[in-house]
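I have placed the structure first, in the form of structure tokens, so that the comments after it can refer back to it.
2 protein chains.
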Amino acid sequence: MSTTSLELRSLITPEGELRLSLEEREVAPPGPDEVVIRVEAAPINPADLAVLLGPADVATLSVEATGGRPVTTATVPPRLVPLASARLGKSLPIGLEGAGVVVEAGAGARHLLGKVVSAGAGRMYTQYRKLPASDVVPFPEGVTPQEGASAYVNPLTALGMLSTMRLEGHSALVHTAAASNLGQMLNKLCIADGVEVVNVVRSAEQEAILRAIGATHIVNSTHPDFRKQLTAAISETGATLAFDAVGGGQLGGLILAAMEAALVAKVPSPGPYGSPVHKQVYVYGRLDRSETTTPPAVGMAWGIGGWLLPYHLTRIGPEETQKLRERVAREITTTFASAYTSEISLAEALQPQAIRRYQRKATGEKYLVRPND
Amino acid sequence: MSTTSLELRSLITPEGELRLSLEEREVAPPGPDEVVIRVEAAPINPADLAVLLGPADVATLSVEATGGRPVTTATVPPRLVPLASARLGKSLPIGLEGAGVVVEAGAGARHLLGKVVSAGAGRMYTQYRKLPASDVVPFPEGVTPQEGASAYVNPLTALGMLSTMRLEGHSALVHTAAASNLGQMLNKLCIADGVEVVNVVRSAEQEAILRAIGATHIVNSTHPDFRKQLTAAISETGATLAFDAVGGGQLGGLILAAMEAALVAKVPSPGPYGSPVHKQVYVYGRLDRSETTTPPAVGMAWGIGGWLLPYHLTRIGPEETQKLRERVAREITTTFASAYTSEISLAEALQPQAIRRYQRKATGEKYLVRPND
């Protein structure tokens, strides 16, 4: 017998109207190697917001009840509609990751029945989710769905940064927007693994958050001496790799230039092309949507480019990915623990006031959706 | 018995004065595995100019005779002196490559005596150059030193671009400043090897130069429809790799955006992160010394970075490098033929008027130094 599931959907019409709604979907019984999860907790990540809201203007949000359920609308500024061209007219599911309890299982997946599991297959802002058993990872006994909700995006991104570092022959790294949930997790992970991180933040408050969890190298980009302090921290750690969540503007290029300055200062006669040591910045976020600039003072051994978790997991392959997922499951309440400032239901997630709060991505704030509340 | 050799040297004093001079050096007899070349022809490449002149202001060039030999001086603007910090007070040899006749050979290198050979070991603006026999490559019978003078920088760079393309899984490429000597050679090589090149030029004259040698995809960056034409040519060729000699400004980023536009136009629903196909721009020159900018519309699978021939040769290793050098020697009068617009002696190379002409790097102009004239 199929199960009825309420599911959050996001649609942008060709006319540029964003429509968020809750729709009833039938979830068919699981096949032999499938499970059905009752989703208990799914976080709101920046990448979820990008799909949920697209380029809509949150100042224009309004809600009405249609057939007893909320439908929230907002306007996409006409000049931004082309950014959404690939999704116009399509109702999209949301929720990259989440955790819940296995309530139904096919013959080959009975061992998962009743277990708390995580999933990172998308479409998690829903009450029930059917998935191949191989797409879920069970937690050790005693882990709650709230504790396990964020077992995919941030933990695998932090682990992916470290595996990129090792694959490409670097020994330390720089991270920007470093006081984020991800940034805190990266510090905990690097402390556990003995890797040095240079944390770039933009306020004293963010600096304090990182000090509290034991981070040692923290530089504030609003400080007048920022470049000098950044170069000193890079020189001390030997970092030649950076992960940049800001993306646009000068920050990525400044980091490359600081790495080059730190490297050439260590050799007696660097030659006309600067240091031959490769310096790399990976842009994995776009807090700043302006152009990315790189100054000429970076030598000839440098690179800046995009980094996306799914591309990285494809690069390392399924076996290595599975190892990372199992480590996350084991350490979900320690190294990879997440904290949430608010828990909301699916219906609450559609309220304009709530949307305006969670889309600000303020430091330290993180929302959890509880689809069955 | 040692041989006396006149050699061109470049020095920048700590006070910011550039001094070009001809100095007498004794060349000792060759060891068992060494040869002495009488250098007959050495080209002036942009990379040679960078060492020869540094950041000096050519408007301030003047020459005087000291002890019967010219000494040319020029001023380095004070704000640019730091760019030369690594070389201040050091007399540098010049001339990345050249060709000549082996006039002396050690016991293990007798087979090279009398042969016309090329060398890419630097310090070629000199009359006699002693080198390990393994550092020279003999030409087939009948090749003259003038024909063989440029057997290293441009041919290996063009071959290196193709080997990068193959190593990194691309199948066609974009080249900027494409009517240069290197650009023409790259087209001849790609025609020979059946690889498509999108040539980016900035004048109708440059377009004509490339048409004349059989290039098919040529786009002019000064044309109002440049972006559209570039995207169309990239779409047609499937190029996902570019080599950019301009370096600064918007061009590299525009190429990445055109590649992304060409890729997403070919799939029905590209998704929020754009095309997963990796797009790469390598900056191998700095005709523009401003910042390099990359727009956000490049998806997440992109990279821009430095590319330098010696780093590439280190990457492919000595065996593969040797194969490339032997191919160049075989095809030096066909695929890798160079033409020169002026031939000058060492003394003429120090004359301010000559320097001002050859440092302009005008399209189609190329100078050859003849140290024994």
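Top to bottom, those sequences are chains Y and B.
Final position of the first sequence in this note's numbering is 373; the numbers increase by one with none missing.
Final position of the second sequence in this note's numbering is 746; the numbers increase by one with none missing.
Even for Gly, the Cβ is constructed at its ideal location relative to N, Cα and C.
Every value quoted in this text rests on a predicted model; they were computed, and no experiment measured them.
Asked, Found
"Contacts that Y:Met-161 makes with chain C (C-beta to C-beta distance below 8 Å)", "This model lacks chain C altogether, as its protein chains are Y and B."
"Alpha-carbon spacing of B:Ala-414 relative to Y:Leu-156, whole angstroms", "58 Å"
"From Y:Pro-268, Y:Gly-31 and Y:Val-137, residue whose alpha carbon lies closest to that of Y:Ile-332", "Y:Val-137"
"C-beta contact flag for Y:Ile-304 and Y:Val-174 at 9 Å", "no"
"Contact list for B:Tyr-498 against chain Y, beta-carbon separation under 8 Å", "Per Cβ cutoff of 8 Å: no residues; B:Tyr-498 is ~16 Å from chain Y at best."
"Reduced DSSP secondary structure (H/G/I, E/B, other) of B:Asn-745", "coil"
"Chain Y contact for B:Pro-669 (CB, 9 Å cutoff)", "yes"
"Residue-chain proximity (B:Thr-446, chain Y), Cβ-Cβ < 9 Å", "no"
"Members of the region 296-324 of chain Y that neighbour chain B once the beta carbon cut-off is set at 9 Å", "Pro-296, Ala-297, Val-298, Gly-299, Met-300, Ala-301, Trp-302, Gly-303, Ile-304, Gly-305, Gly-306, Trp-307, Leu-308, Pro-310, Tyr-311 and Thr-314"
"Rounded separation between Y:Glu-15 and Y:Ala-86 - CA only", "14 Å"
"Where Y:Gly-382 sits in the DSSP three-state scheme", "Because residue 382 of chain Y is not part of the residues shown, which for chain Y are 1 to 373, the question remains open."
"Status (buried if at least 16 other CB within 10 Å, exposed otherwise) for Y:Glu-34", "buried"
"Counted within 10 angstroms of its Cβ, other Cβ atoms place Y:Lys-266 as buried (16 or more) or exposed", "exposed"
"Residue nearest to B:Thr-707 in terms of C-alpha spacing, selected from B:Val-573, B:Gly-556, B:Arg-584 and B:Ala-565", "B:Ala-565"
"Cβ contact check for the region 388-400 of chain B and the region 356-373 of chain Y: 3 or more pairs under 8 Å", "no"
"Simplified DSSP state of B:Ser-507, which is helix, strand or coil", "helix"
"Closest Cα partner of B:Gly-441 within the set B:Thr-687, B:Tyr-525, B:Leu-379 and B:Ala-420", "B:Leu-379"
"For B:Ile-417: DSSP bridge partner residues", "Bridge partners of B:Ile-417: none, in fact."
"Contact list for B:Tyr-646 against chain Y, beta-carbon separation under 7 Å", "Leu-308"
"Minimum length 4: unbroken alpha helix (DSSP H) runs contained in the region 482-553 of chain B", "518-521 and 526-540"
"Continuous beta strand (DSSP E) assignments of at least 3 residues falling wholly in the region 425-479 of chain B", "430-439, 442-448 and 471-478"
"Y:Leu-189 versus B:Thr-595: straight-line alpha-carbon distance, rounded", "50 Å"
"Proximity below 9 Å, CB of Y:Ala-151 to CB of Y:Glu-236", "no"
"One or two residues paired with Y:Asn-220 in a DSSP bridge", "Y:Val-201"
"C-alpha distance - B:Ile-689 paired with B:Lys-601, whole-angstrom precision", "36 Å"
"Contact residues within the region 467-495 of chain B, judged by C-beta distance below 8 Å to chain Y", "none"
"Inter-residue spacing [alpha-carbon to alpha-carbon] between B:Glu-699 and Y:Leu-230", "46 Å"
"Collapsed DSSP secondary structure at Y:Ile-374 in the structure displayed", "Past the edges of chain Y, shown from 1 to 373, lies residue 374 of chain Y, and the structure says nothing about it."
"Meets three-Cβ-pair contact criterion under 8 Å: the region 98-112 of chain Y and the region 58-78 of chain Y", "no"
"Residues near Y:Ala-179 in its chain [Cβ-Cβ closer than 6 Å; skip 5 each side]", "Val-201, Gln-206, Ile-209, Leu-210 and Thr-363"
"Unbroken stretches of the beta strand (DSSP E), 3 residues or longer, contained in the region 599-645 of chain B", "614-617 and 620-622"
"Three-state class that DSSP yields for B:Gly-690 in the structure shown", "helix"
"Proximity to Y:Ala-261 [Cα-Cα], best of Y:Pro-296, Y:Gly-248 and Y:Leu-287", "Y:Pro-296"
"Minimum Cβ-Cβ distance from B:Thr-549 to chain Y less than 9 Å", "no"
"Touch test, the region 127-141 of chain Y against the region 58-72 of chain Y, Cβ-Cβ under 8 Å, three pairs minimum", "no"
"Alpha-carbon spacing of Y:Leu-131 relative to Y:Ala-119, whole angstroms", "9 Å"
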